[in-house]
Every structure is written in C-alpha cells, then in structure tokens.
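Colleague: Dumping the structure here so I can ask a few things about it.
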Amino acid sequence: MTTEKEIRANCFTLVDDNGKTRATLSMSNDGPKLSLFDENGKARVVLSTFKDGPALSLLDENGEIRGMLSVSEVGPVLGLHDEKGKRRAMLEVFEDGPGLLLSDENEKVRAMLSLDKAGPKLALHDANGKIRAALAVSKDGPRLVLGDENGKPRSQLDVIEGPRLAFFDEKGKIIWSALR
Amino acid sequence: MTTEKEIRANRFTLVDENDKPRAALGVFKDGPGGLVLSYEKGNPGALLAVGKAGSGLTLFYENDTARTRLAVDKDGPGLTLGDENGQIRASLGVEKAGPKLALCDENGQIRARIHVIREGPDLAQFDEKGKVRAGLRVIKEGPGLTLGNENGRPRAALVAGKDVPGLVLLDENGKSIWSAPR
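Listed in order, the protein sequences are those of chains A and G. Read in order, the letters of the first sequence are residues 28 to 207 in this note's numbering. Read in order, the letters of the second sequence are residues 233 to 414 in this note's numbering.
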C-alpha cells in the first residue's frame, strides 16, 4: 500500500466494519472540529476551534455535555455537568483571578475557593446564596468567619495584630471576645 | 461514495471552502504526532499531540498563548489553566505525593492549595510572600484549623483532637496566651 505525502479534503470520515461513522474531522460553519461517535451514532467527544475559542466537550449517551474544557474571551474554564446538564463544578481563570466553584442542583454556587487581588478565600454558601462560612487571607491577616442566615458575620477568629475570637450580635456589635 | 479500507498518508489536511488549511492530522516537523485545529488566521486553537515528554491537549486563544493544557507526563496527569500572559493560575494534578489543586497569583506564587497527602487532606492559604496564613487539615490526631502571622507562625489553633476539642490563641513565640475550654 502506498503512503501519500499529504491528503487534503473538506471532511475525513472514519467508519467501522458496519459502515457506521465513528469519527469525523470536518469543517462546520463555525470552524474545524473532530467528533468521535459511539456505536449508536451519538457524538461523545468533540474537539473544536471556533471563532469564540477552542473547546473539548465530553458528552454522555443522551447527548448531554458532561465535561467541557474551553478557552474563550473571558478565560479558560473546565466545567463538569450533571446528567440534567446543570453545571456542578467549575475551575476557571477569569480577569479577577482563578477559582474553583461547586454548585448545587439549581446551579447555585455553594462552595468556592478563589483568589483575587484581596487574597485567597474559601467560602461556603447556603441555598439562598448567603456566605455562612469563610476562611480568607487578606493583607490584614487570616480570618475564619461564620455567618447567619442573612450573611452577617456572627463569629470570627482572626489574626490581625494578634489573635482574636469574637462573637457578634445581629447588628454586628461585639457581644463577646477573647483578646485584643 | 466509496469507502476505502485504509488510506495511508503522512498528513491529512482539512481545508475550508477556500482551500485554506484549518486542521491537520499528522507527524509535525519537530517530532510529535498529533492533531491541530486552527483559527481562520492560521494560528493554532487546539493541539492534541503525543511526544517524547508525554501526551496532551493544549488550547490557545487568539494570541498563540497556551491557556489550557491537559497532559500526562512523567510527573503524572495534570490540568493547567493560564492567564493571558501565559502564567499558570490554576492547576489540578495527581503527583507522586497525591492529588493537588493549586491557585496561583499573577506572579506564579501559590496562594491557595488543597492536596491529599499521606498525612491526610490539607487546605492551605498563603500570603504574597508564600507564608502559610491559614490551614485546615485532617490528620490522624484529628481535624484542625490554624491561622498564622506574617512569619507563617501559628497564632490561633482550633482543634478537635483525641482528648478534647479546643481553641488556643498564641503569642509570637508560640506560647499559649488564651485557651478554651481550659
């Protein structure tokens, strides 16, 4: 069998023994893409480079995207989705900085580890989006903050000009503290 | 349309309707074999390659700067996300010591890290100088939270050890200056 130096085409199609298409390298209106298909003809892997950026998508047997690694104008993102297509985990680098976000079944962020100009922060949110626990390091120092259902700090352990533990009332007034 | 059993070539080139190359599957000049998908201007958008150092997928955005790389090399599998200057800002990998997620600032300094090592899972937050200022870990003796000063020395520790849970506030020399319950 001869080996060509180069073969050029608008579409390359790989078929299995039954003539089913299992992979294509093709041009779409948006750009080039490589698609891998399962035995039922569903696309399960798509690697593309479109105008808005490149992306690798992994799809389940129902055609739902379950994993996506992409780069767009706002930055690179790894997104993992549940079986309903809801985004449940994201690792991203946007203008503010990098972050890992974990979301509930309503796509509300419930846990976030992030880094911005203020410093690194771990925040845990309740179902209403209020921060109920946060561990952060800022220029002032590190602090652990526990909040109430309104998102107001009610307890704080910090090291800012020395260590301190403080409890606050609903209005933010200190009702008890140790040191400082 | 006919179907060939096998077509052999050094390079398969996908061209658009203007006969412009937009993707190539083949062996590249510098050695590795792989697939590259290109933007309309000809610069690479996605590169899937296998080389001596390992295999990986690299995604680029417009200015030829690698923004994402998913790879397996001698250190293990890993994913990195970079900023527009090419600086790695987030990494997720499985190294010999264990799996690790790290977030880095614009200077490449790790500022937040979660990893699982032999001693247990550990979350650490660092200041700009690389000092650990907050740590949350679960080790054999129990879970614990520590907050440190600018020298990286613990000044507050909340632990739930085998004996009793407790909170200790420490001076600069590591001496307890307040504690509860005793």
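All C-beta atoms, glycine included, are put in the ideal place defined by N, C-alpha and C.
How far does the beta strand (DSSP E) with F77 (chain A) in it extend, from its first residue to its last?
Modeller: Counting from 1 along the first sequence, the entry for residue 77 (chain A) is found at position 50. 70-77 is the span of the beta strand (DSSP E), which, as asked, contains F77 (chain A).
Colleague: Compare the C-beta of V42 (chain A) against all C-beta atoms of chain G and say whether one is closer than 8 Å.
Modeller: Taking the first residue of the first sequence as position 1, residue 42 (chain A) is located at position 15. So yes, V42 (chain A) belongs to the interface.
Colleague: Please confirm whether L85 (chain A) has its beta-carbon closer than 8 Å to some beta-carbon of chain G.
Modeller: Taking the first sequence and counting its residues from 1, the one referred to as residue 85 (chain A) is at position 58. It does not; no Cβ of chain G falls within 8 Å.
Colleague: In the stretch 116-199 of chain A, which residue ranges form an unbroken beta strand (DSSP E) of at least 3 residues, counting only runs that do not cross its ends?
Modeller: Entirely contained in the stretch 116-199 of chain A, the beta strand (DSSP E) runs reaching 3 residues are, in chain order, 124-130, 136-143, 146-152, 158-164, 169-174, 180-186, 190-195.
Colleague: Ignore the nearest five residues each way along the sequence and tell me which others in L128 (chain A)'s own chain have a CB closer than 6 Å to its CB.
Modeller: As a first step, residue 128 (chain A) is located in the first sequence; it is residue number 101 there, counting from the start. The answer, listed in chain order, is M117, V136, M139.
Colleague: On a Cα-Cα basis, can you pick out the residue from G:D315, G:L355, G:V326 that is closest to G340 (chain G)?
Modeller: One-based indexing of the second sequence puts residue 340 (chain G) at position 108. Comparing Cα-Cα distances from G340 (chain G) to each of G:D315, G:L355, G:V326, the minimum goes to G:D315.
Colleague: Taking the beta strand (DSSP E) that R243 (chain G) belongs to, which residues open and close that run?
Modeller: On the second sequence, position 11 is the one that residue 243 (chain G) refers to. Looking at the DSSP string, the run of the beta strand (DSSP E) that includes R243 (chain G) is 243-247.
Colleague: In chain A, which residues lie with their C-beta within 8 Å of the C-beta of V247 (chain G)?
Modeller: Here residue 247 (chain G) is taken as the residue at index 15 of the second sequence, counted from 1. Chain A residues near V247 (chain G): R35, A36, N37, M54.
Colleague: Straight-line CA distance for R301 (chain G) to L313 (chain G)?
Modeller: Taking the second sequence and counting its residues from 1, the one referred to as residue 301 (chain G) is at position 69. Taking the second sequence and counting its residues from 1, the one referred to as residue 313 (chain G) is at position 81. If you take the alpha carbons of R301 (chain G) and L313 (chain G), they lie about 7 Å apart.
Colleague: For N383 (chain G), which residues in the same chain have their Cβ closer than 7 Å to its Cβ, ignoring the five residues on either side in sequence?
Modeller: Along the second sequence, one-based indexing puts residue 383 (chain G) at 151. Excluding residues within five positions, the ones whose Cβ falls inside 7 Å are K363.
Colleague: Using a Cβ-Cβ cut-off of 8 Å (strictly less than) and excluding sequence neighbours within five positions of K252 (chain G), which residues of its own chain qualify?
Modeller: As a first step, residue 252 (chain G) must be located in the second sequence, where it is residue number 20. The answer, listed in chain order, is E272, G274.
Colleague: Go ahead and pull the three-state DSSP assignment for K60 (chain A).
Modeller: What you label residue 60 (chain A) is simply residue 33 of the first sequence in a count that begins at 1. Here K60 (chain A) sits in strand by DSSP.
Colleague: Return the chain-ordered list of same chain residues with a C-beta closer than 8 Å to the C-beta of G380 (chain G), the five sequence neighbours on each side being excluded.
Modeller: By one-based count along the second sequence, residue 380 (chain G) stands at place 148. Once the five neighbours on either side are set aside, the close Cβ partners of G380 (chain G) are K363, V364, R365, A366, G367, P386, R387.
Colleague: Count the other CB atoms within 10 Å of the CB of D167 (chain A); is the residue buried (16 or more) or exposed (fewer)?
Modeller: Walking along the first sequence from the start, residue 167 (chain A) turns up at place 140. Flag for D167 (chain A) reads exposed.
Colleague: Looking at C-beta atoms only, is the number of pairs between the stretch 234-243 of chain G and the stretch 197-205 of chain A that lie closer than 8 Å three or more?
Modeller: Verdict: no, contact absent.
Colleague: To the nearest angstrom, how far is the alpha carbon of P81 (chain A) from that of T297 (chain G)?
Modeller: Here the question's residue 81 (chain A) lines up with position 54 in the first sequence. Here the question's residue 297 (chain G) lines up with position 65 in the second sequence. Rounded to the nearest angstrom, the two C-alpha atoms are 12 Å apart.
Colleague: Could you name the residues of chain G that T29 (chain A) contacts, counting a contact when the two beta carbons are closer than 8 Å?
Modeller: Taking the first sequence and counting its residues from 1, one reaches residue 29 (chain A) at position 2. Within 8 Å Cβ-Cβ: R240.
Colleague: So with CB distances below 7 Å, who are the chain G contacts of A205 (chain A)?
Modeller: Start at 1 with the first residue of the first sequence, and residue 205 (chain A) comes out as number 178. Near A205 (chain A) (Cβ distances below 7 Å), the residues of chain G are L401, W410.
Colleague: Taking the beta strand (DSSP E) that V364 (chain G) belongs to, which residues open and close that run?
Modeller: Here the question's residue 364 (chain G) lines up with position 132 in the second sequence. Where V364 (chain G) is concerned, the enclosing beta strand (DSSP E) stretches over 364-371.
Colleague: Does the stretch 152-163 of chain A touch the stretch 171-191 of chain A, meaning 3 or more C-beta pairs lie closer than 8 Å?
Modeller: Verdict: yes, contact present.
Colleague: Of all the residues that make up the stretch 88-117 of chain A, which are near chain G by a beta-carbon distance shorter than 9 Å?
Modeller: Listed by position, the residues of the stretch 88-117 of chain A near chain G (Cβ gap below 9 Å) are L96, S97, V98, S99, E100, G102, P103, V104, L105.
Colleague: What in chain A is Cβ-close to A344 (chain G), meaning under 7 Å?
Modeller: Within the second sequence, the letter at position 112 stands for residue 344 (chain G). Within 7 Å Cβ-Cβ: L140, L142, P147.
Colleague: Could you tell me if P103 (chain A) is buried or exposed, where buried requires 16 or more neighbouring beta carbons within 10 angstroms of its beta carbon?
Modeller: What you label residue 103 (chain A) is simply residue 76 of the first sequence in a count that begins at 1. The residue is buried, with at least 16 neighbouring Cβ atoms inside 10 Å.
Colleague: Would you call the CB atoms of R321 (chain G) and C336 (chain G) closer than 8 Å?
Modeller: Translated into positions along the second sequence, residue 321 (chain G) becomes position 89. Translated into positions along the second sequence, residue 336 (chain G) becomes position 104. Taking 8 Å as the Cβ cut-off, R321 (chain G) and C336 (chain G) qualify as a contacting pair.
Colleague: State buried or exposed for T378 (chain G), treating a residue as buried only when at least 16 other CB atoms are found within 10 Å of its CB.
Modeller: Looking up residue 378 (chain G) in the second sequence gives position 146. The residue is buried, with at least 16 neighbouring Cβ atoms inside 10 Å.
Colleague: Across which residues does DSSP place I92 (chain A) in a beta bridge pair?
Modeller: Along the first sequence, read from residue 1 onward, the residue named residue 92 (chain A) stands at position 65. A:L86.
Colleague: Is DSSP giving T290 (chain G) helix, strand or coil here?
Modeller: Taking the second sequence and counting its residues from 1, one reaches residue 290 (chain G) at position 58. Strand at T290 (chain G).
Colleague: Taking DSSP as the reference, what is the three-state secondary structure of E236 (chain G)?
Modeller: Walking along the second sequence from the start, residue 236 (chain G) turns up at place 4. Of the three classes helix, strand and coil, the one that applies to E236 (chain G) here is coil, per DSSP.
Colleague: Skipping 5 residues on each side, what residues in its chain have a beta carbon closer than 8 Å to that of T48 (chain A)?
Modeller: In the first sequence, counting from the first residue as 1, residue 48 (chain A) sits at position 21. The residues are T40, L41, V42, F64, G68.
Colleague: Which residues in the same chain have their Cβ closer than 6 Å to the Cβ of V268 (chain G), if we skip the five residues on either side of it in sequence?
Modeller: The residue given as residue 268 (chain G) occupies position 36 in the second sequence. A256, P276, L279, listed in sequence order.
Colleague: List the residues that DSSP assigns as beta-bridge partners of D354 (chain G).
Modeller: Counted from its first residue, the second sequence places residue 354 (chain G) at position 122. Partner(s): G:H347, G:R369.
Colleague: Whether or not the stretch 367-376 of chain G and the stretch 179-193 of chain A are in contact is what I'm after, with contact meaning three or more pairs of Cβ atoms, one per stretch, closer than 8 Å; do they touch?
Modeller: Output reads no: the stretch 367-376 of chain G does not touch the stretch 179-193 of chain A.
Colleague: Is F260 (chain G) close to chain A? Criterion is C-beta to C-beta, closer than 8 Å.
Modeller: By one-based count along the second sequence, residue 260 (chain G) stands at place 28. No - not a single Cβ of chain A is within 8 Å of the one on F260 (chain G).
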